[in-house]
Every structure is written in structure tokens, then in C-alpha cells.
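Undergrad:
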Amino acid sequence: KITILVLGPHMENLLQDRMLTAIDFAKKQPDYIKITWYLSGGIKNKLDSIIQKNEAEKMRECISFNSNWDFIIDTKALNTAENFAYFRKWLEHTETDSVYIVTSEFHGSRAKSIVEGIIPNLNYKFILGKADYSSSKTDEIIHSRNIKSDVRNALEKYNSFF
187 KITILVLGPH
197 MENLLQDRML
207 TAIDFAKKQP
217 DYIKITWYLS
227 GGIKNKLDSI
237 IQKNEAEKMR
247 ECISFNSNWD
257 FIIDTKALNT
267 AENFAYFRKW
277 LEHTETDSVY
287 IVTSEFHGSR
297 AKSIVEGIIP
307 NLNYKFILGK
317 ADYSSSKTDE
327 IIHSRNIKSD
337 VRNALEKYNS
347 FF
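Here the sequence shown is numbered in our numbering, starting from 187 and rising by one per residue.
#1: Residue ranges of each beta strand (DSSP E) run of no fewer than 3 residues wholly in the region 255–295, ordered along the chain?
#2: Quick check: V192 and M245, are their CB atoms within less than 8 Å of each other?
#3: Which one of T280, K239, N199 and Q238 has the shortest CA to CA distance from Y224?
#4: Kindly indicate which residue of S295, T266, F251 and A242 has the alpha-carbon position closest to the one of I259.
#5: Which one of R331, Y310, K214 and T289 has the shortest CA to CA distance from R204?
#6: Using 8 Å for Cβ pairs, my map puts N254 next to K220. What's the rounded Cβ distance?
#7: May I ask which residues mark the beginning and end of the beta strand (DSSP E) holding S250?
#8: As a quick exercise: from S299, N252 and S346, pick the residue whose alpha carbon is nearest that of D354.
#9: By Cβ distance below 8 Å, which residues in the same chain neighbour E291 in space, the five residues on each side in sequence not counted?
#10: Out of G228, C248 and D283, point me to the one whose CA is closest to D210's CA.
#11: May I ask you to report which of helix, strand or coil DSSP gives G228?
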């Protein structure tokens, strides 16, 4: 039994790339392997005047039915640290043999630092999509300055709401 955690991006091209990367990996698994998809992502920039789908629902729409696949849809997480905080809570109530985290290559280093701060003893492997955008590397440098506070805030949310 394996779990595939897909971190939801707010950009459509990144979402499609992460999902294609994850689906490709899942289809290469033997038929007897039970896969739980943990799709994590809410609506990061809610606009009151338009109806929006959250990232997790958009990701779920990318996956065709497979009788050996289950789905956990996390629509609460609004950033990478919250993705891992909600995932940590879910892991406390489930059993899995392996965890695979799907994100984008440019995001992998920051995601690694965050997951190690939120779920320090998690045994996982990354599956990284190739897509990026024009300022992805610059944005990651900026966001990386906030890793400690993002982890702290997500752990506070984890401790207070769970």
C-alpha cells in the first residue's frame, strides 16, 4: 500500500504537470499495489465574485477511475506547510508502506525543508515534475526565507485545530 501526496499549486500548468507526473508513476505500479491519493490544496486567492474550484478537486478531475485507488481530498491547506500539517494528521490514523510526495522540481528543496520540519520522521521519496514558470526560481528564494515561520505557523494550526 502506497500513498501519493500531491501538493496543489495555484497555477494551472503546474497542476497539470504534477498530476501527469503522479499518474505516470502510479500507472507503473504493479496491479496488486493499493494506492491512496492524498490531494492537498484549497483556494489560495479566493475571489468572492467568482466560483472557484479548489486545487484538490481540480487534481481529482485529472485522474481516471481505478478500482485499486482511493482518494483523500484536503481542501483546507493553503500553502506547503499546511499541506504537510494536514497530511501529518491523516497519517496518524492510517497505515501506509511508502509515501511519495509529488511537487515541481523547482519547489523540491523548499518542500523537503518544510516536510522535515512538520513530519520529521517521515520516510518518503519525491517525484518531481519538470514544469516551472518565468520567476519560479526567484520566487522560491523569496519563499525560502519564510520556511521557519511557515513551519511554526502550520504546527500551531496543527496543534490548535486538531
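Ideal Cβ placement from N, Cα and C applies to all residues, glycine included.
Since we're looking at a predicted model, the values are computed, not measured.
TA: Checking against the coordinates, here is how it stands:
#1: 255–260 and 284–290
#2: yes
#3: T280
#4: A242
#5: T289
#6: 6 Å
#7: Per DSSP, S250 belongs to no beta strand (DSSP E) and is neither H nor E.
#8: In this structure the chain extends from 187 to 348, so residue 354 is not present and cannot be described.
#9: L314, G315, K316 and D318
#10: C248
#11: coil
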